[in-house]
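Sequential numbering from 1 applies to the sequence shown in the UniProt record's numbering.
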Amino acid sequence: MKDCLFCKIVAKEIPAEIVHETGRTLAFRDIDPKAPTHVLVIPKEHHADAAALAEADDGLTDEVLKAAHAVAVLDQVAERGYRVVFNTGPAAGQTVFHTHAHVLGGRDLTWPPG
Numbered sequence: 001m002k003d004c005l006f007c008k009i010v011a012k013e014i015p016a017e018i019v020h021e022t023g024r025t026l027a028f029r030d031i032d033p034k035a036p037t038h039v040l041v042i043p044k045e046h047h048a049d050a051a052a053l054a055e056a057d058d059g060l061t062d063e064v065l066k067a068a069h070a071v072a073v074l075d076q077v078a079e080r081g082y083r084v085v086f087n088t089g090p091a092a093g094q095t096v097f098h099t100h101a102h103v104l105g106g107r108d109l110t111w112p113p114g
């Protein structure tokens, strides 16, 4: 997708503070963080949202979640706790239509969110 912001980050056309990378995932700091740890984990392959990623059914969803956990370990929030959020669709707050998991931690997170 040539107009996709996250595809451009994957292609290194747009800079990002990358904190973790695998063959099929990329994790980078959110430019508008909502917690001390706020990292976006994306598949390098374009899927519009979490539903499309799940339908791909090729193990990529698992890799995104494993990368999210790796980010939590790297940022030292895994033991205390962290949140992984997928916003799917405009009504859920998704603004970039390339699936991404928000990894949030480093402070107490209230419930319910939003």
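Built from N, CA and C at the ideal position, the CB exists for glycine as well.
Assignment of residue 28 by DSSP, reduced to helix, strand and coil, places it in the strand class. Beta-bridge partners assigned by DSSP to residue 104: 38 and 83. The Cβ neighbour count for residue 110, taken over all protein chains shown within 10 Å, is under 16; the residue is labelled exposed.
The criterion of a C-beta distance shorter than 8 Å is not satisfied by residue 26 and residue 96. Remark: C-beta atoms of residue 74 and residue 19 approach each other more closely than 8 Å. Within the DSSP secondary-structure output, residue 43 pairs in a beta bridge with 25. In the three-state scheme derived from DSSP, where H, G and I count as helix and E and B as strand, residue 73 is classed as helix. Just so you know, the alpha carbons of residue 78 and residue 93 end up roughly 25 Å apart. In terms of Cβ geometry, residue 85 and residue 102 form a close pair [threshold 8 Å]. Going by C-alpha positions, residue 11 is about 12 Å away from residue 3.
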